[in-house]
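Here is the structure we will look at.
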Amino acid sequence: MMFPDFADRVAAAVAPAVVGQTETLRSMLLAIAVRGHVLLEGPPGVAKTLLANSLARALSLQFARIQFTPDMLPSDLTGTLTLRGGELVFQPGPVFTNLLLADEINRTPPKTQAALLEAMQEAQVSVEGKPRPLGDPFCVFATQNPIEYEGTYPLPEAQLDRFAIRAVVDYPSAEEEAQIVTQAARGVAVSGLEAVVAVADGAEIAAVRGEVDATRLSPEVANYIVALVRRTRELPSVALGASPRAAVHLTALSRAQACLSGRDFVTPDDVVGMAKPVLAHRLILSPEASLERYGPEDAVEAALGSVAVPR
Ligand SMILES: Nc1ncnc2c1ncn2[C@@H]1O[C@H](COP(=O)(O)OP(=O)(O)OP(=O)(O)O)[C@@H](O)[C@H]1O
Ligand SMILES: [Mg+2]
């Protein structure tokens with residue numbers, strides 16, 4: 073098993089720049105291992121950008137960040153054809169990278185969101201009708217403003233469904249925060265990034281992906297995943313349950329989780345562990361349920377509690 077060692081090495085490489093945030097990093101690595109994308113949720117200033125940037129350095133990957141704004145056009149993301157010396161030349165947009173940090177995706181109107189979502193789903197973008205392949209790997213880390221925020225365009229559920237995993241980025245502990253403020257002083261300039269060295273590359277990522285894909289899934293565990301996903305559609309508290317795509321994502325991430333634990337087969341516990349981060353963000357609660365203090369995570373919990381775990 074190479075994934076555990078790979079993940080340890082990357083964590084050690086990122087540590088000089090980013091204090092803590094190990095769970096978020098873990099989610100990012102799991103997503104990369106299944107060719108998936110991450111929805112990052114959390115307050116400002118908790119090192120989301122720093123972490124994504126550090127990870128790109130550790131993996132020797134290209135990194136780009138896009139701040140989504142209300143006046144942004146799809147071509148600001150994908151690129152444009154410009155006339156140069158009488159010839160049309162394609163100017164690739166920021167989406168042509170490996171790790172793309174898409175900040176505040178719900179601040180931009182649906183047309184531009186759709187361009188990003190096409191990129192995520194198809195690993196290509198169409199510019200002037202011509203499809204152009206994106207980088208490999210291509211992984212999007214997207215942050216969202218709280219939905220109630222004024223001037224936001226909430227992502228439709230069909231688009232949230234394209235994110236393999238949601239990572240909740242929390243505030244650091246008191247000890248971690250003390251460590252953050254005593255890091256090398258550089259005013260308020262972004263610090264630490266230079267301390268991150270490359271410890272892996274694209275070829276190794278491809279090998280990890282191969283290992284994850286080869287992780288065995290017994291019929292019993294596969295049936296368990298199906299039953300769990302289908303149960304989310306039957307819960308009275310849920311208006312829109314998880315899709316077959318969600319089932320595919322849960323299967324892939326359970327494999328990655330198994331592999332990261334050093335196993336070449338998936339256990340029911342792998343599935344249980346990934347259920348909330350993979351399913352919760354896709355569920356729409358019924359109006360009655362959302363009035364109470366009941367969230368999508370509670371609905372996943374209810375599904376977990378009502379489907380027999382194979383032993
Ligand atoms: N866990 C951490 N380790 C090291 N530095 C941190 C950490 N959390 C915050 N910082 C400091 O806070 C700064 C801001 O972090 P960063 O820009 O990555 O936050 P962000 O989550 O992307 O914020 P925003 O949502 O506003 O974009 C960093 O440059 C660093 O100085
Ligand atoms: Mg940021």
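According to my numbering, the residues represented by the sequence shown are 73 to 383, in order.
All residues carry an ideal CB built from backbone N, CA and C; glycine is no exception.
Three or more Cβ pairs drawn from the segment 165-181 and the segment 204-215 lie within less than 8 Å of each other, which places the two stretches in contact. For Ala380 and Leu357, the gap between their C-alpha atoms comes out near 23 Å. As the crow flies, the alpha-carbon of Ala119 is around 33 Å from that of Thr304. In terms of Cα proximity to Val343, the closest of Thr154, Ala328, Gln163 is Ala328.
Proximity to Ala270 across Leu127, Met100, Ser99, Ala246 peaks at Leu127, based on C-alpha coordinates. Looking at the backbone, the Cα of Gly223 and that of Leu131 are separated by about 36 Å. Counted as a single uninterrupted DSSP element, the stretch harbouring Asp336 is not any beta strand (DSSP E), since DSSP gives it neither H nor E. Counting other Cβ atoms within 10 Å of its Cβ, Arg365 stays below 16 and is therefore classed as exposed. Between the alpha carbons of Ala278 and Glu360 lies a distance of about 46 Å. Applying a distance threshold of 6 Å between residue Cβ atoms and the heavy atoms of ligand 2 selects Lys120, Thr121, Asp175, given in chain order. For Glu248, the distance from the CB to the nearest heavy atom of ligand 1 is below 7 Å. For Pro116, the distance from the CB to the nearest heavy atom of ligand 1 is below 7 Å. When Val106, Ala319, Gln255 are compared, the shortest CA-CA separation from Ala330 is found for Val106. Using a C-beta cut-off of 8 Å, the segment 237-245 makes contact with the segment 95-110, since at least three inter-stretch Cβ pairs fall below that distance. In summary, Gly334 is exposed, with fewer than 16 beta-carbon neighbours lying within 10 Å of its beta-carbon over all protein chains present.
The Cβ atoms of Glu176 and Thr215 sit closer than 8 Å to each other.
Looking only at Ala186, Gly201, Met144, Val284, the smallest Cα-Cα distance to Leu227 is reached by Ala186.
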